[in-house]
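To start, the structure under review is shown below, and the notes come after it.
Chains as they are written, first to last, in my numbering: chain A, 1 to 273; chain B, 274 to 565; chain C, 566 to 997.
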């Protein structure tokens, strides 16, 4: 027994070390001046230690705006994808209707065309709809690659929940929808959180569609904004790393919070009830 | 009066309607357009001209394309296998660890959350011949006398981009597997303990089969995404040295955006389609089989 | 469960409210759109934007400026070309005007060039090839970023070498530096997929008399003897003297800058940006950094001028008259001189008068101006055509070189392959 625990801690330590080195480099660089970075001075500890890069982000660049745009886009895409995917996954695992097998497979067909080439027809679709230059285009475009995965991931989680629990609720007079919300979802909470995290992170990081669909400078999302710190001949490393640090922290914090709240809270409640 | 059967059927259709409408409206057109364009000579800005399978012929006769296919296969296979292993290890380790669980979970998520551009640039810098931390450290501890050509040697360059891809992607595997582990009922393990089962046996006989569905889906998705990965390779090596790390995405970029040959670029990415389709069909069948 | 749902609902509501504005599409009526390159000199960018906005105010139009980075430029333009959403004013690179004019998507701006000529003098003859087609101007040259040879004065002094004037001399000096144990890989000529690769590649080939077209722009193929000589020169430092590291082949546009400034290489081709970066960080290597004209070969010094930015007026928009007027205003004497003199010697003009301005009368300034005056456009000795553009953007030349270096292909095999590729391009792409 103790051997297993030791092994676990060793594995974790190793993985943490691997994660740590580049992270350390990113954070440390964010506190260095341009000169320091260029001259490779004080590689391991910044001296002078400066927050000028962070200040630059908010004073000179539109970092706060990028964060806002990305937050809106990512949250909305996530909620939309989770909603659509949850319904789809429930139907495909719990409800019987002809064609459900084929449909399930078809859902994944979206992944046959890489976004790197899909962006032009998709862009043209929005132009034809007359709907451009708005974050809404991204919020509609992102689910195209999020929904299939969410559907399939949740299908996996729903399957592992015993039908008897739902059936008990149905016998008690609940409708299918009520059973979905009161029984299935709470138990699938870890899966929902994983799927939600997946959606959020992918939307948060998405670059190509955001580059093409948005022309207005005030609607730029974070990845597009960040790419401007690399200007072919020159990379503004300090600001870039500062931006990366700041952009990552909120997501981590939210995830930790949600995990504690949602998964443990919901799961515990459901099992008891 | 609707029978229960009918009601269930209607509800089923109602629930998948959003998915269907969404995908039909926003995916069908680009998908069909991509297939059509791959059969045309289409230069950006000019009208498309149907040429049948000529693009595919051009590609299959091109030595460079064959290299791109091979590189993509190597890159994807290596990345997936390593990510799978590390992700599983991470999930198993975190599953039982209690102290600092939340915090560690958050930290391990960072590679996935940091914008890819930054990750690629950072790894490029870390592996720089002269100024990269990796070479500086290796020389400092005396492991090597000169900098290692991480991004110069063709084989090492592939290793480097795989490393960066793995670093970026393993948390996705880890988090998904961890979530899946949490749905495995503890009684199964307790029963196995009673039977005197060891750790490995519990893993192979109980854990893995229980989370098979999630493993299959996550692996499938990551394979598809990795196959089309652009940023990491582009930023770290641009497909170099020579064509040593040229993959589908960088090749498609070179053809479509740099040379403006859109038809050929589409054909290039369509070429990976049969493999992806096979994977998808395989996984779907496998999962459906398990269901019955 | 309910408190969580309540909190979530509040968060979502807040986001929706703040997103309301972002979701409504912006109305574009009466607005001009301008796309320009984001440079590494933020103060210069600011001046340009201020100039453009002032010109817009004078003309009574609203102007929306959008920036793109060099790497993303063609991704954005490709989507815009296909969707017919090119901006009213587009800053294009060296091959953009050729491509778009061939598509018929650019307005004739000969009158704008005429107006600017009154202020700034005539366009440089060698800058015409990229923007003048069929006797008409389809873009207005904005500025150039010439590639010069950067070298370390102090290291050359240490090995007793003179600043090299030929490709051969660069190899010899690099060899001396390596043998003296000063640097492992002093020859920083990277045959990579960036401008630092294809620009010197063209200069090298052309200075060995190995162009692939004739004066009219028709395909003739890289001549075998000259091509092999050039190829040998390109691959020597990687394969023979080993004064270049294979890693250089994977470099991005900024890696050679950083490696030079970190003191790891002696020679590298680059735009004047290194001078700017050293000055702005008070770099200790400033006094040891020098520049020179790119080297000459047996056929002379035939430099490439591949980094030029031009103003074009696409026909997608409905306000071409206002757009042309705005370009003429931004390129008129006062705004342009303000921009040029605020660019830390990075924006080199392509019109005669500002080029001869006292601003460039410094040791480094003169070399920069000389390069621009002598440089040839993509497609030399012919004009810039879409076919020539594709040769460069498909990386044919640098691929030829890396085939020999990385794949260890025989030079004549690599040369034949390259010629085949170029021929295929010229057969396919119209040469107008």
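The beta-carbon is built from N, C-alpha and C at its ideal position, and this holds for glycine as well.
Local Cβ density within 10 Å of residue i, reported as buried at 16 or more and exposed below that
i, result
"residue 549/B", "buried"
"residue 270/A", "Any answer about residue 270/A is weak, because its pLDDT of 47 lies below 50 and its placement is not dependable; what the coordinates show is given next. Buried."
"residue 84/A", "buried"
"residue 518/B", "buried"
"residue 129/A", "exposed"
"residue 659/C", "buried"
"residue 245/A", "buried"
"residue 257/A", "exposed"
"residue 272/A", "The predicted position of residue 272/A is uncertain, since its pLDDT is 39 and thus under 50; a value taken from the coordinates is nonetheless stated next. Exposed, by the Cβ-count rule."
"residue 183/A", "buried"
"residue 253/A", "exposed"
"residue 176/A", "buried"
Short Cβ contact (9 Å threshold) for residue i with residue j
i, j, result
"residue 394/B", "residue 508/B", "yes"
"residue 626/C", "residue 840/C", "no"
"residue 677/C", "residue 893/C", "yes"
"residue 965/C", "residue 989/C", "no"
"residue 365/B", "residue 456/B", "no"
"residue 632/C", "residue 60/A", "no"
"residue 957/C", "residue 832/C", "no"
"residue 212/A", "residue 640/C", "yes"
"residue 383/B", "residue 19/A", "yes"
"residue 751/C", "residue 743/C", "yes"
"residue 767/C", "residue 876/C", "no"
"residue 837/C", "residue 929/C", "yes"
"residue 960/C", "residue 531/B", "yes"
"residue 776/C", "residue 769/C", "no"
"residue 937/C", "residue 962/C", "no"
"residue 154/A", "residue 299/B", "no"
"residue 445/B", "residue 15/A", "no"
"residue 806/C", "residue 739/C", "yes"
"residue 896/C", "residue 684/C", "yes"
"residue 977/C", "residue 793/C", "yes"
"residue 157/A", "residue 179/A", "no"
Chain-ordered chain C contacts of residue i [CB-CB under 8 Å]
i, result
"residue 38/A", "823, 826, 827, 842, 846, 848"
"residue 319/B", "668"
"residue 225/A", "The premise fails here: residue 225/A is roughly 11 Å from chain C at the closest Cβ pair, so nothing lies under 8 Å."
Where residue i meets chain A, residues with beta-carbon distance less than 8 Å
i, result
"residue 640/C", "208, 211, 212"
"residue 282/B", "95, 96, 97, 98"
"residue 603/C", "228, 231"
"residue 553/B", "105, 108, 109, 111, 112"
Chain C contact residues for residue i, given Cβ-Cβ distances below 7 Å
i, result
"residue 123/A", "644, 648"
"residue 195/A", "None at all; the shortest Cβ gap to chain C is about 16 Å."
"residue 422/B", "810, 811, 812"
"residue 274/A", "Outside the modelled stretch of chain A, which goes from 1 to 273, sits residue 274/A, for which no answer is possible."
Under 9 Å by beta carbon: chain B residues contacting residue i
i, result
"residue 958/C", "527, 530, 531, 532, 533"
Listed by chain order, chain B residues near residue i by CB distance under 8 Å
i, result
"residue 345/A", "Past the boundaries of the shown model lies residue 345/A; chain A is included only from 1 to 273, so the question cannot be answered."
Within chain B, the residues that residue i reaches when beta carbons sit closer than 7 Å
i, result
"residue 757/C", "511, 513"
Within chain C, the residues that residue i reaches when beta carbons sit closer than 9 Å
i, result
"residue 426/B", "811, 812"
Exercise. At a Cβ cut of 8 Å, what residues of the region 129-147 of chain A count as close to chain B, listed as they run along the chain?
Worked result: Against chain B - using a Cβ distance shorter than 8 Å - the residues of the region 129-147 of chain A are 140, 141, 143, 144, 147.
Exercise. Between the region 656-674 of chain C and chain B, which residues of the former have CB atoms less than 8 Å from a CB of the latter, in chain order?
Worked result: Cβ contacts with chain B come from 664, 665, 668, 670.
Exercise. Can you list, in chain order, the residues of the region 69-88 of chain A whose Cβ is nearer than 8 Å to any Cβ on chain B?
Worked result: Here the close residues are 83, 84, 85, 87, 88.
Exercise. In the region 129-154 of chain A, which residue ranges form an unbroken alpha helix (DSSP H) of at least 4 residues, counting only runs that do not cross its ends?
Worked result: Considered as a whole, the region 129-154 of chain A harbours 135-141 as its complete alpha helix (DSSP H) runs of no fewer than 4 residues, in chain order.
Problem set entry | Residue ranges of each alpha helix (DSSP H) within the region 753-819 of chain C, 4 or longer | Counting only runs of 4+ residues, the alpha helix (DSSP H) found wholly inside the region 753-819 of chain C occupies 760-772, 789-804, in chain order.
Exercise. For the region 366-381 of chain B, which residues have a beta carbon sitting closer than 8 Å to at least one beta carbon of chain A?
Worked result: Residues are counted here when their Cβ sits less than 8 Å from a Cβ of chain A; for the region 366-381 of chain B these are 366, 367, 369, 370, 375, 376, 377, 378, 379, 380, 381, given in chain order.
For this session: Report the residues of the region 963-988 of chain C with a CB closer than 8 Å to any CB of chain B, ordered along the chain.
Result: For the region 963-988 of chain C, which is checked against every Cβ of chain B, the residues closer than 8 Å are 964, 967, 968, 970, 971, 972.
For this session: For the region 326-365 of chain B, list the alpha helix (DSSP H) runs that are entirely contained and at least 4 residues long, ordered along the chain.
Result: Counting whole runs of 4 or more residues, the region 326-365 of chain B contains the alpha helix (DSSP H) stretches 327-334.
Exercise. Hey, which unbroken runs of the alpha helix (DSSP H) at 4 residues or more fall wholly within the region 231-264 of chain A?
Worked result: Fully enclosed alpha helix (DSSP H) runs of no fewer than 4 residues occupy 237-258 of the region 231-264 of chain A, in order along the chain.
For this session: Output the residue ranges of the beta strand (DSSP E) runs that lie fully inside the region 856-897 of chain C and measure 3 residues or longer, sorted by chain position.
Result: Within the region 856-897 of chain C, the beta strand (DSSP E) runs of at least 3 residues that lie entirely inside it are, in chain order, 873-877.
Exercise. Going along the region 170-188 of chain A in order, which residues come within less than 7 Å of chain C, judged by CB to CB distance?
Worked result: Within the region 170-188 of chain A, not one residue has a Cβ closer than 7 Å to any Cβ of chain C.
Exercise. Listed from N- to C-terminal order along the chain, which residues in the region 494-507 of chain B have their beta-carbon within a distance smaller than 9 Å of any beta-carbon of chain A?
Worked result: Within the region 494-507 of chain B, the qualifying residues are 494, 497, 498, 500, 501, 503, 504.
Problem set entry | Length at least 3, wholly inside the region 469-528 of chain B: the beta strand (DSSP E) runs in chain order | Listed in chain order, there is nothing to give.
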